[in-house]
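Quick mapping for you: the protein sequence lines, in order, are chains S and H.
Reminder that position 49 of the first sequence reads as 49 in our numbering, one-by-one numbering, no gaps.
Reminder that position 81 of the second sequence reads as 252 in our numbering, one-by-one numbering, no gaps.
What follows is a short report on a single structure.
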Amino acid sequence: MNKVRLIIGLAIVTVAIVAASVLLYLLPLDVRDHSPVQPIAFSHKLHAGDNGIHCLFCHSYAAKSPAAGIPSMEECRACHLFISPNTPEIKKLMKYWEKREPIPWVKVYSLPDFVYFPHMMHVRAKLSCAACHGEVAAMERITRTASLKMGWCLNCHHQHKASIDCWTCHK
Amino acid sequence: MKRRTFLQLGTVIAAGAVLDGCRSKNEQLIPYLIPPDEGITPGKGTYYASSCNACPAGCGILVRVSEGRAKKIEGNPEHPINRGKLCARGQAVVQELYHPDRVPHPLKRNGPRGSGAFTRISWQEGIGLLTDRLKALQREQSTNGLALLTPHLRGTLAELTGRFMRTFGSTNHVSYELLTPDLLRIAARRSFGQPTLPYYDIAETRYLLSFGADFVDSHLSPVKYGSAFGEMRQGRDTVRGHFTYVGGRMSLTAASADRWMPAKPGSEGTLALGIARLILAESLYDSGALAMNGLEAKKLLAALDRYDLPRVAQLSGLPQGAIAEVAREFASTRPALALAGEMVAFQSNGPESVRAVHLLNLLVGSLNRPGGIYPDAGSPSGPENSFAELIALIETMRGGHVKVAMIHGDPLYSVPPATGFHDALAKVPFIVSFSSLLDDTALHADLVLPDHAALESWGDVIPVAGTREPLVGLMQPVVEPLFDTRQFPEVLLATAHELGGRMAAALPDESYLELLKGAVRKQAGFGAGVDFEAAWVDLLQHGGLFKTKSVQPTGYRWSSDAPPPLPEDPDFAGDQKTYPFHLIAYPATAFYDGRGAPYPWLQQLPDPMTTVVWGSWVEINPETAAEHGIGFGDLVEVSSPQGTLRLPAVVYPGIRPDMVAIPLGQGHRGMGRYAQGQGVNPLALVARQGTKQQPAWNATRVRITRISGNGELVTAGHPQGSLRSELVEI
């Protein structure tokens with residue numbers, strides 16, 4: 001009797017552990033906000049979409065550095081001294097500038113330290129920015145469209161016949 | 172509350188905590204306010220060539236800087252000394268820059284001396300305070316009341332400090348270092364008539380015989396000699412060089428040897444002469460070399476008559492057979508090379524013992540030959556007896572004649588208390604320290620004028636003993652200074668300007684950089700057609716001037732009037748009955764003479780032999796430990812005639828049973844949060860030997876007593892298991 005109970009108990013525990021593992025694997029453990037509220041309601045739709053400003057105009061390091069970079073406060077200000085200076089969001093921007101404080105933008109795309117992702121190589125391979133970042137030109141607020149999981153990277157590398165050696169990204 | 176409610180609540184809280192741990196917030200992305208105009212590309216590194224000044228070896232380094240911050244240091248592959256390699260101490264230079272306890276601005280003492288109570292002052296006020304004191308000395312016509320104490324400076328900085336002190340009218344300029352190669356220079360002067368340190372061609376030799384020279388750990392130029400040792404062992408297809416080490420303690424260098432000869436401390440010179448006598452007696456010497464140096468084998472053999480095998484065996488504590496075997500191997504393998512290091516030099520008979528080793532090189536014809544020794548071309552001249560100068564300064568200070576002491580470095584830590592330095596310095600009314608961390612000396616200073624970190628400084632670094640070609644390594648600032656600090660030479664120049672008159676006239680340069688450029692220009696010997704600014708940028712890009720026009724020293728030749736070396740019997744402080752053990756204080760691989768202690772990377776670096784991290788220890792032979800009931804990690808009291816220390820024991824088979832060894836470098840009272848209060852300073856035990864004007868830091872006897880079973884020893888490995896064997900067989 002006791003033996004049967006023990007076996008049933010063990011079976012239940014095993015099933016529970018397996019189920020928990022499967023659940024952990026399937027659950028979206030990345031709980032970062034995919035479309036966080038930014039300190040200033042910067043509209044990519046307005047800048048990149050309606051006005052047709054090229055991505056590299058502001059993210060100017062993407063072509064020559066692993067990091068794409070974001071425009072400095074000085075650059076934002078230089079345009080908006082003349083372009084719609086009286087809208088509430090631009091006034092917010094100018095207030096930051098007057099206080100000599102950088103805008104604490106919320107990062108939407110980030111990779112862990114053990115992944116080496118160079119922007120410049122992807123730009124050089126003539127990959128469009130939208131391939132990873134989605135239709136940014138249509139987004140009022142930036143929203144992450146890609147999962148950024150390893151499988152997602154690998155799929156793309158497979159499709160484009162890029163190297164899938166571990167050492168390519170993990171170095 | 173019911174038990175059930177409590178459990179339910181507890182579960183809810185635990186679940187909440189777990190879920191909260193899962194939630195990771197998005198990171199922030201902070202833009203530049205105004206992007207720097209130096210063409211910085213975020214995410215991309217820029218590499219700057221500079222030179223390491225963490226020890227006198229002067230290796231070349233490349234510093235990776237990204238977004239204006241120094242990130243990583245590696246060796247400069249173009250530099251002739253280290254060829255792209257770098258030791259742990261060099262890698263840790265980056266931690267000097269970001270040390271959280273750096274002195275960020277000038278400080279003035281506002282409490283009792285040594286209390287560490289300081290107030291912030293401006294640079295103008297700081298230099299003003301110093302100049303007021305100096306002007307007072309000039310008014311009272313007692314300019315000799317100024318003393319300057321620095322480590323061994325070379326190149327432009329040495330010239331600047333020299334000119335400053337000379338023009339001011341003071342002779343109290345001492346450049347002192349604990350691990351000074353002075354005694355090696357004295358020995359070279361006596362034997363060869365010139366004070367050049369030897370450059371060892373280890374890479375090309377076939378038989379290496381080291382007398383206490385730990386060239387892999389710390390001796391002269393460890394990166395250079397370490398890689399040359401690798402060349403000697405594996406760099407040639409058919410030859411694997413043989414290496415024999417003589418010395419009572421197994422260092423990392425000794426552990427790399429084929430044969431270890433644990434000779435009694437102080438007997439190394441005698442052993443060398445015993446080997447020399449055997450080579451002479453069996454006619455294994457190079458007769459051409461002897462004739463060229465004006466020596467006669469017969470006369471020499473007669474002079475060394477006392478060093479017959481049985482006597483040498485008895486004095487050194489080694490078996491006769493082993494000595495004869497080494498002598499025959501050494502003489503019959505060509506080229507063969509003998510080195511003498513600090514463990515030998517810092518005995519009471521040091522210089523003569525070092526000379527005995529020189530004689531061995533001469534006997535086998537290894538002077539100025541591939542695989543032998545050459546005179547060092549990097550820094551051919553240097554202080555020959557800075558210790559005597561230090562003792563003289565201590566006397567002057569004790570007499571109350573020194574009114575202002577300017578101190579660079581940390582002598583309160585690195586000068587053994589037995590010299591009386593500590594009491595003498597207390598009599599100086601005004602002490603200025605230029606340390607960038609509040610080290611032991613700066614804590615006792617009245618004024619702290621903090622120096623830049625090495626990565627913020629200009630400078631020239633002339634390597635000691637690692638080169639046959641003269642060369643000048645350049646240091647350049649790779650980052651903007653983090654704090655309101657100023658480089659030491661700039662402060663000297665500013666002080667000279669403030670003093671005016673002759674001082675301002677003698678030191679007219681606006682900045683140290685101008686002075687440096689002038690010196691390098693002279694050294695390089697550029698013709699009239701050369702655009703110096705362009706050439707200067709080129710030199711900075713490569714890390715220095717690797718081809719100078721300076722005259723190369725000709726070579727070693729035995730002086731005609733040099734008598735054969737005859738080391739006296741070693742002399743030890745403390746009588747044998749009360750103090751049965753010899754104390755060896757050796758430079759720790761990570762800390763050198765203590766200047767590596769403030770950096771956590773080096774504190775965490777396990778000692779290569781014992782795997783100890785963060786702290787001091789005393790190495791005791793298993794036999795001795797068993798006799799005294801001491802176990803691994805026990806707290807032990809070590810007493811000498813000079814002082815007493817308590818520290819944990821490491822039962823270590825790689826040491827003679829009549830010896831104990833303590834690494835140097837720990838036991839700072841100040842020097843920031845990582846060094847402060849870690850371990851003990853073995854210099855507190857070291858006695859000053861006799862009245863001789865030579866430091867004999869390894870000539871003290873001690874006794875050991877077990878105190879308790881808890882020494883709080885931290886090790887990275889499990890050396891208890893691996894060190895249980897009885898290695899020493901005597």
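C-beta atoms are modelled at their ideal positions from N, C-alpha and C, and glycine is treated no differently.
In DSSP terms, what residue i is bridged to
i	result
residue 578 (chain H)	H:320, H:604
residue 200 (chain H)	S:105
residue 343 (chain H)	H:318
residue 433 (chain H)	Bridge partners of residue 433 (chain H): none, in fact.
residue 289 (chain H)	H:280
residue 545 (chain H)	H:370
residue 663 (chain H)	Its beta-bridge partners do not exist; DSSP assigns none.
residue 753 (chain H)	H:830, H:872
Short CB-CB distance (under 7 Å) between residue i and chain H
i	result
residue 67 (chain S)	yes
residue 124 (chain S)	no
residue 141 (chain S)	no
residue 165 (chain S)	no
residue 107 (chain S)	yes
residue 104 (chain S)	yes
residue 36 (chain S)	yes
residue 96 (chain S)	no
residue 25 (chain S)	no
residue 113 (chain S)	no
C-alpha distance - residue i paired with residue j, whole-angstrom precision
i	j	result
residue 901 (chain H)	residue 489 (chain H)	Confidence is the limiting factor: at residue 901 (chain H) the pLDDT is only 49, short of 50, which leaves the residue's position unreliable, though a coordinate-based value still follows. Going by the C-alpha atoms only, they are around 7 Å apart.
residue 465 (chain H)	residue 543 (chain H)	19 Å
residue 521 (chain H)	residue 858 (chain H)	16 Å
residue 45 (chain S)	residue 251 (chain H)	57 Å
residue 633 (chain H)	residue 716 (chain H)	10 Å
residue 487 (chain H)	residue 764 (chain H)	28 Å
residue 444 (chain H)	residue 515 (chain H)	14 Å
residue 431 (chain H)	residue 648 (chain H)	44 Å
residue 396 (chain H)	residue 223 (chain H)	16 Å
residue 440 (chain H)	residue 671 (chain H)	53 Å
residue 447 (chain H)	residue 317 (chain H)	49 Å
residue 206 (chain H)	residue 61 (chain S)	12 Å
residue 15 (chain S)	residue 1 (chain S)	21 Å
Whole-number beta carbon distance between residue j and residue i, since they are thought to touch under 8 Å
i	j	result
residue 331 (chain H)	residue 624 (chain H)	Wrong, their Cβ atoms sit about 19 Å apart, outside the cutoff.
residue 363 (chain H)	residue 731 (chain H)	Going by Cβ atoms, the distance from residue 363 (chain H) to residue 731 (chain H) rounds to 11 Å, so no, they are not a contact pair.
residue 151 (chain H)	residue 629 (chain H)	In the structure displayed, chain H extends from 172 to 901; residue 151 (chain H) sits before or after that span and is not available.
residue 392 (chain H)	residue 510 (chain H)	Actually they are not in contact, since the Cβ atoms of residue 392 (chain H) and residue 510 (chain H) sit about 12 Å apart, beyond 8 Å.
residue 199 (chain H)	residue 107 (chain S)	6 Å
residue 212 (chain H)	residue 65 (chain S)	5 Å
Given residue i as reference, the closest of the options once Cα atoms are compared
i	options	result
residue 600 (chain H)	H:576, H:590, H:688	H:576
residue 176 (chain S)	S:22, S:49, S:71	The structure shown does not extend to residue 176 (chain S), since chain S is modelled only from 1 to 171, so the question has no answer here.
residue 275 (chain H)	H:750, H:772, H:605, H:238	H:605
residue 592 (chain H)	H:345, H:204, H:198, H:713	H:345
residue 696 (chain H)	H:680, H:571, H:532, H:718	H:718
residue 819 (chain H)	H:829, H:880, H:775	H:880
residue 442 (chain H)	H:419, H:483, H:451, H:701	H:483
residue 565 (chain H)	H:550, H:586, H:554, H:810	H:586
residue 52 (chain S)	S:136, S:132, S:119	S:136
residue 597 (chain H)	H:532, H:615, H:474, H:590	H:615
residue 103 (chain S)	H:797, H:553, H:202, H:869	H:202
residue 554 (chain H)	H:323, H:304, H:639	H:323
residue 142 (chain S)	S:79, S:149, S:134	S:134
residue 119 (chain S)	H:243, H:280, H:215	H:215
residue 856 (chain H)	H:883, H:813, H:845	H:813
Below-7 Å beta-carbon distance, residue i vs any chain S residue
i	result
residue 912 (chain H)	Outside the shown range of chain H (172 to 901) lies residue 912 (chain H), about which nothing can therefore be said.
residue 218 (chain H)	no
residue 202 (chain H)	yes
residue 198 (chain H)	yes
residue 239 (chain H)	no
residue 205 (chain H)	yes
Contact test: residue i Cβ vs the ligand MN heavy atom, cutoff 6 Å
i	result
residue 246 (chain H)	Summarising the ligand content, the structure contains no ligands, and the ligand MN is consequently not present.
Interface partners of residue i on chain B, CB under 9 Å
i	result
residue 72 (chain S)	Here chain B cannot be found, since the structure's protein chains are S and H.
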